[in-house]
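Take a look at the structure below.
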Amino acid sequence: MIGDLVKGLATTVRYMFRKPVTVEYPEVKRPVRERFRGRHELKRFENGMERCIGCSLCAAACPADAILVVPAENNPEHPNSPGERYAATYEINMLRCIFCGYCEDACPTNAIVLEHQYELSYYDRHASIYTKEMLLVPPDQGHGAIPPVLEQVNRTPSPPAQIEL
Amino acid sequence: MAEITITVDGVQITVPDTMNVVDAARLAAIQIPVFCYHPRLPAVGMCRMCMVAIGTPRLDRDTRQPVLDEHGKPMIQMLPKLQPACTTRVSEGMVVITKSDEVKFAQNGVLEFLLTSHPLDCPVCDKGGECPLQNLTMEWGPSTSRFDYSDKVHFEKPYKLGDLINLDRERCILCSRCVRFQDDLADDPVLGFDQRGRKWHIISKSDPPFDSKFSGNTTDICPVGALTTSDFRFRARAWELTAVPSLCNHCAVGCNTTLDMRHNQLQRVMPRENAAVNDIWICDKGRFGHRFIERENRLTTPLVRRDGQLQPATWDEALDVIATNFRAIQATDGGAALAGLAGEHLANEDLFLFQRLFREVLGSNNLDTRIGAPGEYALDDVGYQYGVGVGTNLMKLGKGTAVLVFGADPEEEAPLYMLRLRQIVTQGGSLIVANPRPTKLDRSATQTLRYRPDSERDVLLALLKLVSAETKQIPQRTTGAAELKGTLEQTKLDVVAKLSGLEQAALEQAAQTILAAEHLLIVYGADVLVHGASLSALLANLLILRGKVGLVNSGLIPLLARGNSRGALDMGVRPDKAAGYRPLQQVGLTAREMWPAALAGKLRGMYVMGSDPVASYAPAQAALDALAFLVVQDTTLTATAQLADVVLPGMTVAEYDATYTNAERRVQRARLARKVDDASKPNWAIVQAIAQAMRGEPVLAGAVSSETTTTITRTVGGNGKGGNGVQGKLTLTTSTASADAAQENWDYMTVAEVAADIADLVPGYAGITHTALAQTAQTKGWGRQANEAYFYDGTSYANAEGVGLQVPSGAELPKATFDLTPPPATKVPASSTYPFALLVQTLAYRNDPFLHDSLLQSHIPAGYIALNTDDAAKLGIAAGAQVQLTSAAGSLRAPARVVADLPTGCVLVPAGLADLPVSTIQTGALTRVAVSRVAE
């Protein structure tokens, strides 16, 4: 019996000299895995255009009905996105969202991506609705050239519709 | 039409021998994929998607009998190559194989080819989700393509075919459904093909582009997303929409529509299939002209005039003011000092309660749906008395049918009748179009009669004379035959020919067509309706002489002004007759008599519901100003509402559940599609609230909610009215209260109860309750039904709401009598001062509050005065020059249009344009005018 006690205490003593696993959240944050599904972001192309074309396929795929898209026609002078259509309203209710990533799968332009931010808490239920302004990344964080298939006036040969991120 | 038996994929089916293989297979629930074929259009076999293997029994060369095999069955000789199923007619013993490797190979090949040029931009395509190309690719297409994706052809987009329709040339598969619809069905051949090879695409050939009143239908039948409407462009995806059954209220056709809603907003209007009304089509006015529902200046609260200003008030305040003032007028001057005007677009329930309010609570028969302007339509009782019989379906008519279109321009007045009448001609019927001026329907007519203006009566008498000469026997219970004989004896054909400018032979030919007809339909419009019974009774006489009264597929069809013009007459919103055309002892004032009475101080209070007399008839303003008290109920602050003491916010057709009666007396139901705020009441509930306030009863809380209508259903015939209207304390009883008791109380909880009262109290509406209407639902249409012909997806919606019930015409009632007495002539003689006859043309696209905020606004023409080339030359008027029309009533100026095909001696002026108030120069049904050039 004493042997068992010593064995247990030995473990305790051993761990006393190890670096603790716990981190002092929120001052310290543990990194997440590359494929972690956190808060969504709406991506842009390199030239600052929105990738989202307002097709509502994310909303259709969403099992929790958390996404609302209201599309509109681009002004040809100042297009928001390549092509004729863009999302005038894009909202995700983070309280409804189950972070399954189906929206990401459904997106034909890889506009919506579940990123690594996981700190989603609100004082108010209404605050859980993330609008397009909140979801859209800043223009200088865009990447990837616009595929010609989305640029309808560009008549050069086009790659497949699914765009590599 | 013989029945034959064929075998499709081993299933034996018996079908009519006129069918093609696609439709025959559909009967056996076997789908043959198609792109270019559409059941409503002639087959062309352009897309090659419907290739199937077809075999026929081998015939012995000598005996022409099928050769039998060793089992005693006919030997089937398969055709060496696949055949297009849409252009192949079925024949006896035919064997069709739709599922074989060979067929699969062909279908895969066709789809692979079609998709080589398709941009695959389904995510941004308005058709995505209801697209036959998507469906067929999933079901019959190859999973991969051997073609290089980068080799797709690209065109600039959007490419506007017209301002309403966009063409995406990349998506187009060149099936020509749109071209054929325009050519064959709509008779507006404005579309065509241009270029060739990979540049081959659809163009509009007309100026203005895509000039057709049916253009929206091409987007429905387009099997890909090539044609989309500007109205619905990028508004929502198809699967996000909630389809609510509704009705188009613009004209008397009563087309069944679906309001596709999202977030309580109207996204688009689509047709709902109803074979007896609009089939699967609607006109552009119905499709694009419904944006008025969401106008920004919609009224939301009652307004009460305080210190000369209209200020928002609560319902209680507004109702209190109304009751106090109406009671005061009643006390001092009696009920006859009150009058009511109602719009013809309002529902039966609204109008029924409106006339009840006036007749029972206010004690007045001063009711009208007109506004008293000269040259407006007379009350059309003849159209009810001799209207088409119950069960009439124009879709099924063809050979043996004669249609006489008299004084009507269906394209402008009731566009859908263009398609329906044209179809009768295509199916072998005869169509006589008689008009003083050319109309688009002339092109489809088997005979046109171009009579001179003001010779309508003579032409009809001549036709009657010719028909009566061949008539051996007139129907029983007919009166006035002697009077008619007397009048006809005075009618001389050669005199009529001279007066009307028609050949005598043409009149004889028309009479022959009428005499030979098994089914006789007479369609009449604006030119007859302004004259009222003095002309329409003569049209009815034609029917009586031929014995075609009260029969299915025969009778009159009046092209009345609005969606519920017939309902308004049925409900008795008129000074001379109660609901159901029962004559009144004490006749009230017509709208025309109200204005002088108001100015003279005899009429002191008015309640105007959904009507705007000031906007279209300026003299009404002074009369309304002279009133002591005016209540206006409308959706916006109209010119009339601005004069009111109390303004009540009304509802549009999309916002409450109600029934409407169309030109063929079909009662149909529209549902609540758009929720207004909680305080708003449906029009009928407002009328009821006024009645309750007048009677000093508390307003029932339940009566304001239109949502409850769907939850409470009543049995046919039973009057399950409950509640006695005290403080919302309700006891729903199942006792069958008598109609009298219902009449006493003003405690309708739901619109269904009002409808049930209409069924009880209005002769002809017996049995037409909401429950009965719901039982007319058609679930066997096309559209979005599982496993049924979804290659017509996006074409139409199944009619789950019901196709409606027809009210019997007067002639169908037992012991109906038929009156042949010719009405007296009402001639307006030409004078040397006013030598020209004024023809007023009703336009489909006019300055109508219903078209506000819609894309059609730009289709409303600027005012013009059309003249014949010879007349213009004589007067020295060039096209575009300012012309002045002067009549005994006033004068009017507008630029001239010089047209060759207008008859001489008349000028054509469009009605209802903001810059051309034609009512200011009208003196009556026919106005004589002088034309002069305005010096620059």
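Those protein sequence lines, which keep their order, are chains A and B. Residue 8 in my numbering is what sits at position 8 of the first sequence, and the numbering runs on without skipping anything. Residue 972 in my numbering is what sits at position 807 of the second sequence, and the numbering runs on without skipping anything. Glycine included, each C-beta is placed from N, C-alpha and C at the ideal position.
Counting only Cβ pairs nearer than 9 Å, list the residues of chain A close to residue i.
i, result
"B:W404", "S56, A60"
Quick one: list the residues of chain B neighbouring residue i, beta-carbon separation under 7 Å, in chain order.
i, result
"A:P79", "The premise fails here: A:P79 is roughly 13 Å from chain B at the closest Cβ pair, so nothing lies under 7 Å."
Give me the chain A residues within the contact set of residue i, using Cβ-Cβ distance strictly less than 8 Å, ordered along the chain.
i, result
"B:F399", "G54, P71, A72, E73, E84, R85"
"B:P307", "Here the premise fails: no neighbours, minimum Cβ distance about 16 Å."
"B:P323", "E84"
Please list, in chain order, the chain A residues whose beta carbon lies closer than 7 Å to that of residue i.
i, result
"B:V289", "I53, C55, G83, E84, R85"
Would you say residue i lies against chain B (beta-carbon separation less than 9 Å)?
i, result
"A:P108", "yes"
In whole angstroms, give me the CA-to-CA distance for residue i and residue j.
i, j, result
"B:R205", "B:G327", "24 Å"
"B:Q1047", "B:P1026", "16 Å"
"B:A675", "B:V590", "15 Å"
"B:L700", "B:F457", "35 Å"
"B:N443", "B:M560", "9 Å"
"A:R35", "A:P108", "19 Å"
"B:G715", "B:G929", "14 Å"
"B:N531", "B:A1059", "37 Å"
"B:K742", "B:R463", "34 Å"
"B:S781", "B:G1055", "15 Å"
"B:R336", "B:H319", "10 Å"
"B:R402", "B:N331", "17 Å"
"B:N273", "B:P307", "5 Å"
"B:C809", "B:Y689", "Note on identity: in this sequence residue 809 of chain B is Ala, with Cys being the wrong assignment. Going by the C-alpha atoms only, they are around 37 Å apart."
"A:K132", "B:A793", "55 Å"
"A:V28", "B:L1020", "59 Å"
"B:I485", "B:T479", "Sequence inspection shows Asp at residue 485 of chain B; the Ile mentioned does not correspond to that position. Rounded to whole angstroms, B:D485 to B:T479 spans 10 Å at the Cα level."
Of all the CB atoms in chain A, is at least one closer than 9 Å to the CB of residue i?
i, result
"B:H366", "no"
"B:D619", "no"
"B:H684", "no"
"B:D286", "yes"
"B:G293", "yes"
"B:H428", "yes"
Mark residue i as exposed unless 16 or more other C-beta atoms lie within 10 angstroms of its C-beta, in which case mark it buried.
i, result
"B:T228", "exposed"
"B:N429", "exposed"
"B:G651", "exposed"
"A:N75", "exposed"
"B:R604", "Checking the sequence, you will find Thr at residue 604 of chain B rather than Arg. It counts as buried."
"B:P994", "exposed"
"B:L614", "buried"
"B:F312", "exposed"
"B:M166", "exposed"
"A:L9", "exposed"
"B:D472", "exposed"
"B:K246", "exposed"
"B:T1092", "buried"
"B:R860", "exposed"
Could you please give the first and the last residue of the uninterrupted beta strand (DSSP E) stretch that includes residue i?
i, result
"B:V1083", "Neither: B:V1083 is in no beta strand (DSSP E) and is coded neither H nor E."
"B:E168", "168 to 173"
"B:N414", "Run containing B:N414: none; DSSP gives neither H nor E here."
Counting along the chain, where does the alpha helix (DSSP H) carrying residue i start and finish?
i, result
"B:H935", "935 to 939"
"A:V32", "Counting along the chain, A:V32 falls outside any alpha helix (DSSP H), and DSSP gives it neither H nor E."
"A:M16", "2 to 16"
"B:Q299", "297 to 305"
"B:S730", "730 to 735"
"B:F453", "449 to 453"
"B:I679", "669 to 681"
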